[in-house]
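To start, the structure itself, in structure tokens.
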Amino acid sequence: MKLLPALLLWVSMSCMLLAQDDYYTVIAQKGDGIFSILRKQGLDPVKYYEDFLTLNTANIKDGSMLHIGREYKIPHALDSFKKTGVKVQIKGETENPIFEEELAEMSLKSKALKNAVYYLITEDQVEGRNKFVADVTTDLASELMEHGATVYIFEDTDRALLKESKVRSKTERMGLYVEAINKRYLQNAGKYQRLLLIRSNGLIENGSMDVAVYHHNKSEKGQRFAENIQNVFRKHSVSKRSFKDIKMIFEDKNSLYLAKNTLPAVSLLTIGNRSKESANEYIPVRSDKKAFTNWLTNGILKDYADITIEE
């Protein structure tokens with residue numbers, strides 16, 4: 548008979564632990580209401596309003612007011628911006644939200660990319676001197692997430708790992724990208740997934756800059772992805788050239804290695820100053836971060852829409 552109380556206690560404790568796994572806690576700050584506290588945690592306040600009320604009934608006054616300094620339970624949600632926007636540190640594959648303080652300003656604009664996953668890699672060949680690429684990448688991630696996509700940003704292995712080991716070859720370092728991306732690709736099996744490598748080839752100066760978009764010559768998906776992005780930049784070019792002669796096949800070792808070994812289709816976007824030898828490959832556009840991010844987002848949305856229509 549002694550086993551029954553022990554069994555009931557174990558069941559009760561198990562249920563409590565499971566219930567605790569459904570939420571985490573935050574402290575209400577001055578000015579916080581239900582909507583703002585949910586937004587700051589990356590949740591849609593309309594969708595999770597009732598869940599919040601259910602979890603925090605005892606700590607809510609006058610039906611909707613919060614007490615400053617008290618703990619409030621936030622429901623775990625797979626569609627939280629903390630979950631759909633992830634920065635991956637290649638060393639140890641640790642994951643952190645891309646955005647923290649910015650979450651309060653983010654909201655879902657549409658579900659146009661609800662079944663899409665994007666992997667973003669940046670390569671800054673003028674290390675520490677080109678903030679344009681880093682800013683565009685995070686702004687792009689925000690735009691894609693607000694249209695319902697899941698986004699992974701991968702830290703630049705050249706920067707992170709050269710400090711740790713100078714004997715590791717570029718291929719070995721790129722291999723870490725491949726392993727991390729393929730692992731997440733399999734976790735998201737069945738979804739539309741694309742890899743975009745954003746590379747700066749020089750300092751971005753005020754006024755205009757040069758853009759080129761490439762794909763692997765054996766990837767139809769990568770080609771379509773690249774063409775949809777490139778077409779948007781063509782429309783907004785500061786040049787009147789037709790760009791019909793643009794060469795779109797990438798040939799550099801890093802991009803080829805990614806294309807041959809990663810599961811998602813790969814496209815390469817280069818930003819910077821063109822060389823005289825390859826001037827015909829580039830599209831000159833205004834160096835406006837906001838406009839650039841919007842153009843890139845529109846090209847990506849177009850590619851996903853085309854696939855959806857076909858299916």
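The sequence shown lines up with residues 548 to 858 when you count with this note's numbering.
Think of the CB as a built atom: it goes at the ideal place given N, C-alpha and C, for glycine as much as any other residue.
Since the structure is predicted, the reported quantities are computational estimates derived from the model, not experimental observations.
Which listed residue (the options) has its alpha carbon closest to that of residue i
{"i": "residue 799", "options": "634, 665 and 718", "result": "718"}
{"i": "residue 768", "options": "739, 756, 602 and 745", "result": "739"}
{"i": "residue 664", "options": "650, 797 and 728", "result": "728"}
{"i": "residue 669", "options": "636, 608 and 726", "result": "636"}
{"i": "residue 831", "options": "755, 782, 765 and 666", "result": "755"}
{"i": "residue 583", "options": "782, 569 and 648", "result": "648"}
{"i": "residue 836", "options": "746, 686 and 609", "result": "686"}
{"i": "residue 697", "options": "678, 569 and 666", "result": "666"}
{"i": "residue 678", "options": "745, 631, 600 and 585", "result": "745"}
{"i": "residue 642", "options": "600, 699, 651 and 684", "result": "699"}
{"i": "residue 662", "options": "638, 601, 764 and 737", "result": "737"}
Alpha helix (DSSP H) segment containing residue i, residue limits
{"i": "residue 688", "result": "678 to 693"}
{"i": "residue 734", "result": "717 to 734"}
{"i": "residue 601", "result": "592 to 602"}
{"i": "residue 583", "result": "581 to 586"}
{"i": "residue 663", "result": "Run containing residue 663: none in the alpha helix (DSSP H); it sits in the beta strand (DSSP E), 663 to 671."}
{"i": "residue 642", "result": "From DSSP, residue 642 is part of no alpha helix (DSSP H) but of the beta strand (DSSP E) over 641 to 644."}
Alpha carbon of residue i to alpha carbon of residue j, nearest angstrom
{"i": "residue 839", "j": "residue 828", "result": "18 Å"}
{"i": "residue 833", "j": "residue 680", "result": "14 Å"}
{"i": "residue 853", "j": "residue 741", "result": "14 Å"}
{"i": "residue 613", "j": "residue 623", "result": "20 Å"}
{"i": "residue 598", "j": "residue 629", "result": "18 Å"}
{"i": "residue 640", "j": "residue 774", "result": "32 Å"}
{"i": "residue 633", "j": "residue 795", "result": "30 Å"}
{"i": "residue 843", "j": "residue 803", "result": "22 Å"}
{"i": "residue 801", "j": "residue 721", "result": "7 Å"}
{"i": "residue 579", "j": "residue 611", "result": "11 Å"}
{"i": "residue 701", "j": "residue 581", "result": "33 Å"}
{"i": "residue 784", "j": "residue 688", "result": "23 Å"}
{"i": "residue 848", "j": "residue 660", "result": "7 Å"}
{"i": "residue 592", "j": "residue 607", "result": "16 Å"}
{"i": "residue 797", "j": "residue 589", "result": "37 Å"}
{"i": "residue 850", "j": "residue 603", "result": "43 Å"}
{"i": "residue 646", "j": "residue 609", "result": "32 Å"}
{"i": "residue 786", "j": "residue 587", "result": "43 Å"}
{"i": "residue 725", "j": "residue 627", "result": "26 Å"}
{"i": "residue 585", "j": "residue 845", "result": "29 Å"}
{"i": "residue 743", "j": "residue 651", "result": "27 Å"}
{"i": "residue 771", "j": "residue 723", "result": "26 Å"}
{"i": "residue 595", "j": "residue 625", "result": "12 Å"}
{"i": "residue 644", "j": "residue 631", "result": "8 Å"}
{"i": "residue 764", "j": "residue 569", "result": "47 Å"}
Residue range of the unbroken beta strand (DSSP E) whose run includes residue i
{"i": "residue 620", "result": "618 to 622"}
{"i": "residue 757", "result": "755 to 762"}
{"i": "residue 797", "result": "Taken as a continuous stretch (DSSP letters only), residue 797 belongs to no beta strand (DSSP E), as it is neither H nor E."}
{"i": "residue 634", "result": "632 to 636"}
{"i": "residue 740", "result": "739 to 747"}
Any non-hydrogen atom of the ligand ZN within 8 Å of residue i CB
{"i": "residue 610", "result": "Inclusion of the ligand ZN in the displayed structure is not the case, the ligand content being empty and no account of it being possible."}
Problem set entry | Touching by the beta-carbon criterion (3+ pairs, under 8 Å), the segment 727 to 734 and the segment 786 to 795 | no
Problem set entry | Uninterrupted beta strand (DSSP E) stretches inside the segment 804 to 853 (no shorter than 3 residues) | 812 to 819 and 830 to 833
Problem set entry | Segment contact, 8 Å Cβ cut-off, at least three pairs: the segment 567 to 579 with the segment 602 to 618 | yes
Exercise. Are the segment 756 to 776 and the segment 810 to 821 in contact at 8 Å, needing three or more beta carbon pairs?
Worked result: yes
For this session: Decide if the segment 646 to 656 is in contact with the segment 686 to 699; the criterion is three or more beta carbon pairs, one per stretch, under 8 Å apart.
Result: yes
Exercise. Quick one: any contact between the segment 771 to 790 and the segment 800 to 811, if contact means 3 or more CB pairs under 8 Å?
Worked result: no
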